[in-house]
Amino acid sequence: MAARSQGLRRRILTWLLVYVSLLSVAIFIGGLIVNEEAERMVWSSLLRAELHHYQDRLQADPGYRWTDTDDMTLYRWDGAPPPPKVLRTLPVGLHDDLWVEGKLRVVMIQDLPGGRVALALDITEFEGLEETISSGIVIGMFASVILLGLLMAWGLGRAIRPLGVMADDIARLRPERGHQRIELEPRASDELRVIADAFNDYLDRSERFVERERAFINSASHELRTPIAVIGGAARLASDQEGVPPAAREQMQRIVRNVRQIEQLISLLLILAKDPERLAAVSDTVALDELLPGIVEDHRHLTQDKDLALRLSLPQPVRITAPVVIVQAAIGNLLRNAIENSDRGVIDIRLDADATVTISDPGHGMSPEEISRIYARLARDEGRDGGGIGLDLIARLCEHLGWRLDIDSAPERGTIARLRFSP
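Position one of the sequence shown corresponds to residue -19 (the working numbering), numbered consecutively onward.
In C-alpha cells form, the structure reads like this:
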C-alpha cells in the first residue's frame, strides 16, 4: 500500500484509539463515582439501621449493653471503650475510608439521647476485593482497547486499500505517455468511482490539450522557420551584390541580424515547451571558453556609435551540457542588454570555473522595482534597437533549465548580471 494510504490509515486509527481510550477512561471514572456514591448510600443505610436498633433497645431496656462483632464496633463518648483520637474531632455524619485501630473502616457518628456514639464497620476486606475488581476492570479495558485497535487496523486496511491502489496508479502516471487511465476493481465503492471518473476525464482533456499544443508547436516551428530562412538568405545574397548602396547594405545586414534573433527566439520558445527531463536528447557539450569570444564579436557592432569597449576574461576550459543555441541566446541577450543600457566605459564579460558568466556594465543601472519585475517575469523589455529577447523570457528560460540568473543593480551605478549554468 502506498505511503499516503498508510499515513491516512495511521491517522484515522490514531484518532479512533484516542477516542475509544478517552471514552473508556470516562466510563471507568464515571463507574468509580457511581460506585462510591452507591457505597455511601449502602453504608449510611446499614449503619443508621444498626444505630436505630441500638437506640430502640436502649429505650426498651436502659441496662442494655452493645456487644461488638468481628466487623462492627460501637464507641461511646461517655463510656467504654473510649473513642479513638481520630474519631473525637469528627462531626456528626458518615465518614468513609478511615483507618481506626489498624483497620480500614466506615464510621457513622450520631448524637443519641444518651450521648454521642460512633458505629464503625470494618471494610478492609471489602476494599481489598474492590481494588482487585477495579484492577481487573482496568486490565480488561486496556485489553479491549488493544483488541479493538487491532480490529480497527485490520478493517481500515481493507477499507483504504483501494484508495492506496489508486494512489499508486496515479503516482505511476507519466506526462510523456498517452492513453493513460485509472482502473478500479469491480467491487470498488461509488466514491472511488466518482474520483476515478473525474480523474480520467481530466486525463482525457489534458491529453487533448497537449496534442493540440504539440501540433501547434510543430506546425509553428516549421511554418516560421521556412520563411525566416528565406528572408535571411535573400538578405545575405542582396547585401553581397556589387553596387548596393552602403545605406541599403546596412539595412540588409540589419535584416540578417534580426533573422538570427528570431531564429534564437523560436528555438528558445521550443525549449520552453519541452519537458526539462527530455532536453538531454537535444543538448550538446558546449565549451563556454570557446563559445564566448564568438558571442562577444557578434555584438561588437552595437558599440560602434558609443564610447564602449568589451573586455573578455576567460579561465581554463569550462564545459557544460545544454542546447548550444539557447546558451548563445541567453548570454547574447544579457550582453545586448548591457550594451543598450550603457553609453561609455568598459563592459566586462568574465567566465568563472563554476560555469558562471558575469557581465558588468557601467550603464545607468536598474531600480529594485525593475529587478523585481524581471524576477517575477512580468517585465517586457521595450525600446530596443533591433529587437532581442526580453530579460523576463531569459528568466523563464533559466528557471525551466535549472540555471540561476542574478541581477545586481542600482540607478547610476551600472548592472551586474550573473548567469550560472548547471554543470
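Quick reminder that beta carbons are idealized off the backbone N, C-alpha and C, glycines included.
Fair warning: this is a prediction, and the values are worked out from it, not measured in the lab.
Separation of residue j from residue i, as counted between CA atoms
i      : j      : result
Tyr34  : Pro93  : 12 Å
Thr265 : Asp334 : 15 Å
His75  : Ser114 : 22 Å
Asp51  : Leu101 : 6 Å
Ile306 : Ala289 : 25 Å
Leu282 : Asp341 : 14 Å
Trp57  : Val80  : 16 Å
Val0   : Ile140 : 20 Å
Arg364 : Arg192 : Note that Arg364 scores a pLDDT of 39, beneath 50, so its modelled location is shaky; the value from the coordinates is reported in the next line. Rounded to whole angstroms, Arg364 to Arg192 spans 33 Å at the Cα level.
Gly11  : Ala147 : 45 Å
Glu165 : Arg188 : 26 Å
Asp285 : Val337 : 26 Å
Thr112 : Phe106 : 10 Å
Ser4   : Leu84  : 29 Å
Leu2   : Ala168 : 34 Å
Asn321 : Ala310 : 17 Å
Gln233 : Ile319 : 19 Å
Gly368 : Ser247 : Any reading at Gly368 needs caution, since the residue's pLDDT is 45, under 50, leaving its predicted position unreliable; the model's value is listed next. So the two alpha carbons sit approximately 13 Å from each other.
Leu26  : Arg37  : 17 Å
Gly212 : Asp184 : 41 Å
Arg194 : Glu203 : 14 Å
Residues bridged to residue i (per DSSP)
i      : result
His33  : Its beta-bridge partners do not exist; DSSP assigns none.
Gly95  : Leu92
Tyr55  : Ala98
Arg85  : Leu78, Asp102
Arg192 : DSSP output for Arg192 lists no bridge partner at all.
Thr338 : Arg330, Arg398
Leu288 : Gly325
Val266 : Ile300
Gly43  : The partner list for Gly43 (beta bridge, DSSP) is empty, contrary to what the question assumes.
Gly73  : Ile89
Asp388 : Ile396
Ser293 : Arg330
Selection from the options that minimises the alpha carbon distance to residue i
i       : options                        : result
Val210  : Glu30, Val0, Val239            : Val239
Ser389  : Thr336, Asn317, Trp383         : Asn317
Thr53   : Ile103, Ser219, Gly43, Arg37   : Ile103
Arg(-9) : Leu292, Val125, Pro64, Gly137  : Gly137
Gly82   : Leu70, Arg96, Val97, Lys65     : Lys65
Gly116  : Leu27, Val14, Phe8             : Phe8
Arg161  : Met21, Arg152, Glu320          : Arg152
Leu377  : Gly394, Leu399, Arg393         : Leu399
Ala29   : Asp220, Leu99, Ser322          : Leu99
Arg157  : Gly274, Ser186, Ser124         : Ser186
Ile327  : Asp287, Asp48, Pro303          : Asp287
Asp149  : Thr47, Ala123, Phe179          : Phe179
Asp181  : Leu204, Trp134, Phe196, Glu163 : Glu163
Ala397  : Leu315, Val174, Arg20          : Leu315
His159  : Arg173, Ala6, Val190           : Val190
Contact belief for residue i with residue j at Cβ below 8 Å, rounded distance in angstroms
i      : j      : result
Ile208 : Ile242 : 6 Å
Val276 : Ile329 : 6 Å
Leu385 : Ile374 : 7 Å
Gln90  : Val118 : The pair is not a contact, with the Cβ atoms about 37 Å apart (cut-off 8 Å).
Leu331 : Leu294 : 5 Å
Thr395 : Gly343 : 6 Å
Pro303 : Ser263 : 5 Å
Distance CB(residue i)-CB(residue j) smaller than 8 Å
i        : j      : result
Leu109   : Val87  : no
Val298   : Leu268 : yes
His279   : Gly312 : yes
Val97    : Tyr44  : no
Leu(-12) : Met132 : no
Ala418   : Val224 : The question about residue 418 has no answer here: the residues shown for the chain are numbered -19 through 403.
Leu(-7)  : Gly129 : yes
Leu470   : Gln296 : The structure shown does not extend to residue 470, since the chain is modelled only from -19 through 403, so no value can be given for it.
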